[in-house]
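First up is the structure itself, then whatever we jot down about it.
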Amino acid sequence: MPAASTIHPQARRFADWNIWRCPHCKGMLEPAATEPALACAACGLSMPIEDDVLVLKRDVEANNHVAQSFYDSPLWPRFRFWERFNWICNGGERRARNKVLRYLPQSPRLDLLDVAIGDGVYLDWLPRDWRIAGVDISRTQLDACRPRASNRSVWLSQCEAERLPFEDAQFDAVLSIGAFNYFNDPEGSLREMVRVARPGAPVIVSDEIPNLTDRLFARKLGRPDLERYIVSRIMNLGDEFTDMVERYRDLDVLALARRVMPDCEMKSIWMGVGYVLVGQAPAR
Ligand SMILES: C[S@@+](CC[C@H](N)C(=O)[O-])C[C@H]1O[C@@H](n2cnc3c(N)ncnc32)[C@H](O)[C@@H]1O
Ligand SMILES: [Zn+2]
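Following my numbering, the numbering of the sequence shown begins with 2 at its first residue and continues without gaps.
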């Protein structure tokens, strides 16, 4: 460990919350000398901190690459119109999101992990005395989250849900909204969320139902060409994301979740358009 006086303030800030572990070898991450970075005490790998975001993985593959490209592109702000439409249909954004956030414990000084935090739009609604670690693969979304994370106990990191850079059993609750269906490995990411949660901590995962496009009139009319046009062009998901949605329409979210958290429950929300999985990290 370098002399305290030489440690960069951004590195010091991350090192002050002793939860970070090397995603490759699980070694301790310690502040590097002088530059804004953490370095693995075991394998020596250095991970930069760029504008208060700890960068563990920039380049991702397969579904995660499709999602990253989409959320880094101008398509996402255009798609957001439809997200807002969903909130309006469900009584407004705060009310709609509270259908998920209500499963978080209400305890003071809670340690929360938010997987796929995006731009952290609901951070302002969470108590200011909570410590929150937020991870995401999209640099654009993390940058949009930074103003909401500044001047409070929020730490942001660019990495994949499938390989969380944390020591086991660190969080009082784990939350993930709006990304789960299309993770490269949803089951593996849920195992990761359970691993880093303290025994008994709630693990709360929410997304839209995988076969949401069944509700489109074009599907009811048996017009796959029209359905594809609506989803990719009018709703602005783009071609690659639309293909992904089509590939995962039969994903059995509850079955895969129960392989990780046998007692978890799945509740229908947003007039049947979304779900929330509510489980608990088992005692070890
Ligand atoms: C619809 S946004 C949701 C953001 C936020 N949770 C919310 O509810 O507003 C989905 C986010 O998931 C992120 N994401 C997708 N796949 C991911 C993965 N494998 N690991 C980490 N983040 C991922 C995207 O970059 C994007 O920011
Ligand atoms: Zn390492």
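Where is the CB? At the ideal position from N, CA and C, for every residue including glycine.
Small disclaimer: the values here were computed from a predicted structure and weren't measured.
Length of the line joining the Cα atoms of residue i and residue j
| i | j | result |
| --- | --- | --- |
| A202 | P225 | 43 Å |
| Y230 | S74 | 19 Å |
| E161 | L55 | 12 Å |
| E84 | E94 | 9 Å |
| R143 | D208 | One detail in the question is off: residue 143 reads as Leu in this sequence, not Arg. The straight-line gap from Cα to Cα measures roughly 19 Å. |
| R285 | L217 | 45 Å |
| D186 | W21 | 22 Å |
| W156 | R96 | 26 Å |
| R259 | E266 | 8 Å |
| I270 | V277 | 7 Å |
| D60 | I50 | 16 Å |
| T141 | I118 | 12 Å |
| R248 | H9 | 45 Å |
| R234 | K221 | 19 Å |
| H66 | G223 | 30 Å |
| T7 | P37 | 11 Å |
CA nearest to the CA of residue i, picked from the options
| i | options | result |
| --- | --- | --- |
| E62 | D120, L191 and Y183 | Y183 |
| I178 | G121, R260 and V54 | G121 |
| H25 | A33, R164, D52 and A68 | R164 |
| D240 | S6, P263, A284 and L76 | L76 |
| R250 | N212, P283, S70 and G275 | N212 |
| D137 | R96, S190 and E228 | S190 |
| A289 | L127, A33, F80 and M29 | Because the chain spans 2 through 285 in this model, residue 289 falls outside it and cannot be assessed. |
| M48 | K268, C23 and G223 | C23 |
| T35 | P148, A12, D53 and L252 | A12 |
| A198 | F167, D264, A68 and I89 | F167 |
| C146 | L124, E51 and P128 | L124 |
| R129 | W18, I118, L252 and N152 | N152 |
| L255 | S233, E188, L227 and R220 | E188 |
| G45 | E31, D52, R79 and K58 | E31 |
| R103 | L127, V116, G92 and E193 | L127 |
Assigned secondary structure, residue i (DSSP; H/G/I helix, E/B strand, else coil)
| i | result |
| --- | --- |
| K27 | coil |
| V279 | strand |
| C41 | strand |
| W88 | helix |
| K100 | helix |
| R164 | coil |
| K268 | strand |
| E209 | strand |
| F218 | helix |
| Q171 | coil |
| S151 | coil |
| R260 | helix |
| S139 | coil |
| E51 | strand |
| Q11 | helix |
| W199 | This sequence places Arg at residue 199; Trp is not what is there. DSSP places R199 in coil when its eight states are reduced to three. |
| A134 | strand |
| R224 | coil |
| W77 | helix |
| W126 | helix |
| P32 | strand |
| Q69 | helix |
| K112 | Strictly speaking, residue 112 in this sequence is Asp, with Lys absent from that position. Residue state, collapsed to three classes: strand. |
| R22 | strand |
| V232 | helix |
| V56 | strand |
| V204 | strand |
| L191 | helix |
| L46 | coil |
| L176 | strand |
| L238 | coil |
| L255 | helix |
Integer Cβ distance of residue i from residue j, believed to fall under 8 Å
| i | j | result |
| --- | --- | --- |
| A134 | S108 | Wrong, their Cβ atoms sit about 17 Å apart, outside the cutoff. |
| G280 | M262 | 3 Å |
| P200 | P106 | No, P200 and P106 are not in contact; Cβ-Cβ is about 14 Å, not under 8 Å. |
| F242 | F71 | 5 Å |
| A16 | L39 | 7 Å |
| C90 | M236 | In fact, because the Cβ distance is near 15 Å, the residues do not count as touching under 8 Å. |
| N195 | T214 | It is Val, not Asn, that sits at residue 195 in the sequence shown. Not quite, the Cβ-Cβ distance comes to about 30 Å (not below 8 Å), so this is no contact. |
| F86 | L238 | Not a contact, Cβ separation roughly 14 Å. |
| I205 | V101 | 7 Å |
| G132 | W18 | Note on identity: in this sequence residue 132 is Arg, with Gly being the wrong assignment. Right, the Cβ-Cβ distance comes to about 7 Å (below 8 Å), so this counts as a contact. |
Minimum Cβ-Cβ distance from residue i to chain D less than 9 Å
| i | result |
| --- | --- |
| L191 | This model lacks chain D altogether, as it is built from one protein chain only. |
(message) Quick check: the region 99-119 against the region 165-177, are at least 3 beta-carbon pairs closer than 8 Å?
(response) Contact annotation: the region 165-177 touches the region 99-119, with at least three C-beta pairs closer than 8 Å.
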